[in-house]
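Asker: So that we are looking at the same thing, I have put the structure below in structure tokens.
In the numbering used here, the protein residues as written are 8 to 365.
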């Protein structure tokens, strides 16, 4: 009996110690003011990289760094007496000249290095000059795109842009130009999973700048008597006018040129701009008519019109799906259940605008 109890006690101690060692791996931070991701191991003579110290959810890496000489360079970078580490992984860089400059750019005498927001290694920025490589940001930029340039080239997310680097200039967050061409900056997630680094492309357009383009907002620009647009709805469009006297910004998708509405690059001359209302992201109306995605919703009463959901709307007599009239539906009792995506007036039910059995 005593032997059995001893075994139970030893097993209990083993469990307690195992749990303790499992949960207590990270010791003191190397330099918390510089990084919340590099730590001394709790009981081994090792350096640990653990993103934000959250090893339980984000994991950790036991590095090969010498703990006696290891210092933190910034949140992700560190070094010991022989090597540079990024996210705990030893990097093949020129140790003697490697620096993180004041702009957060990693470089040595030979190369500039790019590190993705989500990724496991540094990559060489092909063709970049370490001496002149620097950020190239717009004032009040909101896109988060990572632009850089050196004395002869322009780079986006660590890749050289096929353009004349000496004359290339961004107009706004979606348009650019050089001495020979206009460019649209397009982020398209339809090709699959990934980040903006994977899905942002600079497209050379078959259009030479005739005047110096001037930004109107983050998506629109003016070039002489023409208006340019590139946004998430339209890769590129150019509208020419006999003359441009005034431009009024309604929002990032809509502007008024002289007295005409331009919506996502489409000229909507029939819209009365004096009574224009942007109701929701894709709905708008004036005193006479209602529009969905720039298309007229026939028979909609502008006065009583209201948006029900992203695709459904109604007025005092009708219910609509996008710009299509749904016949014989009672607008007073029409609702949508967002969980099932079923819309109904209590008698007729729809899913994605198609009649379904209730």
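For each residue, glycine too, the CB sits at the ideal point set by N, CA and C.
If you draw a straight line from the alpha carbon of residue 137 to that of residue 73, how long is it in whole angstroms?
Answerer: 28 Å
Asker: Rounded to a whole number of angstroms, what is the C-alpha to C-alpha distance between residue 64 and residue 94?
Answerer: 16 Å
Asker: Could you tell me which residues DSSP pairs with residue 326 in its beta bridges?
Answerer: Its beta-bridge partners are 321 and 333.
Asker: Take the Cβ of residue 272 as the centre, count every other Cβ of all protein chains shown within 10 Å, and call the residue buried at 16 or more, exposed below.
Answerer: buried
Asker: Spatial neighbours of residue 212 within its chain, please: CB distance less than 7 Å, with the 5 preceding and 5 following residues excluded, ordered by chain position.
Answerer: 188, 189, 190, 191 and 243
Asker: Quickly, what does DSSP pair residue 358 with across the bridge? List them, please.
Answerer: 349 and 361
Asker: Exposed or buried, what is residue 299 when buried is set at 16 or more other beta-carbons lying within 10 Å of its beta-carbon?
Answerer: buried
Asker: Tell me which residues share the same chain as residue 294 and place their Cβ nearer than 7 Å to its Cβ, disregarding the 5 neighbours each side in the sequence.
Answerer: Within the same chain, 279, 282 and 309 come within 7 Å of residue 294 by CB-CB distance, once the 5 residues on both sides are set aside.
Asker: Starting from the Cα of residue 98, find the closest Cα among 108, 111 and 84 and give me that residue.
Answerer: Here the closest residue by C-alpha is 84.
Asker: Starting from the N-terminal side, write out each stretch of the alpha helix (DSSP H) that is 4 residues or longer and does not extend beyond the stretch 38-69.
Answerer: Correct list: 62-65.
Asker: For my contact list, residue 178 and residue 228 are in at a C-beta cut-off of 8 Å; report their separation, rounded to the angstrom.
Answerer: Yes, they are in contact, since the Cβ atoms of residue 178 and residue 228 sit about 5 Å apart, within 8 Å.
Asker: Using three-state DSSP, classify residue 155 as helix, strand or coil.
Answerer: strand
Asker: Hey, residue 110 and residue 139: beta-carbon distance below 8 Å or not?
Answerer: no
Asker: Within 10 Å of its beta-carbon, does residue 351 have 16 or more other beta-carbons around it, so buried, or fewer, so exposed?
Answerer: buried
Asker: Going along the chain, which residues of its own chain have a beta-carbon closer than 8 Å to the beta-carbon of residue 38, five neighbours each way excluded?
Answerer: 45, 78 and 79
Asker: Nearest-angstrom Cα distance between residue 209 and residue 134?
Answerer: 18 Å
Asker: Assign residue 221 to one of two classes, buried (16 or more other C-beta atoms within 10 Å of its C-beta) or exposed (fewer than that).
Answerer: Around the C-beta of residue 221, fewer than 16 other C-beta atoms lie within 10 Å, and the residue is accordingly described as exposed.
Asker: Pull up the distance between the alpha-carbon of residue 33 and that of residue 106, whole angstroms please.
Answerer: Counting only the Cα atoms, residue 106 lies some 27 Å from residue 33.
Asker: Tell me, please, which residues DSSP counts as bridged to residue 267.
Answerer: 264
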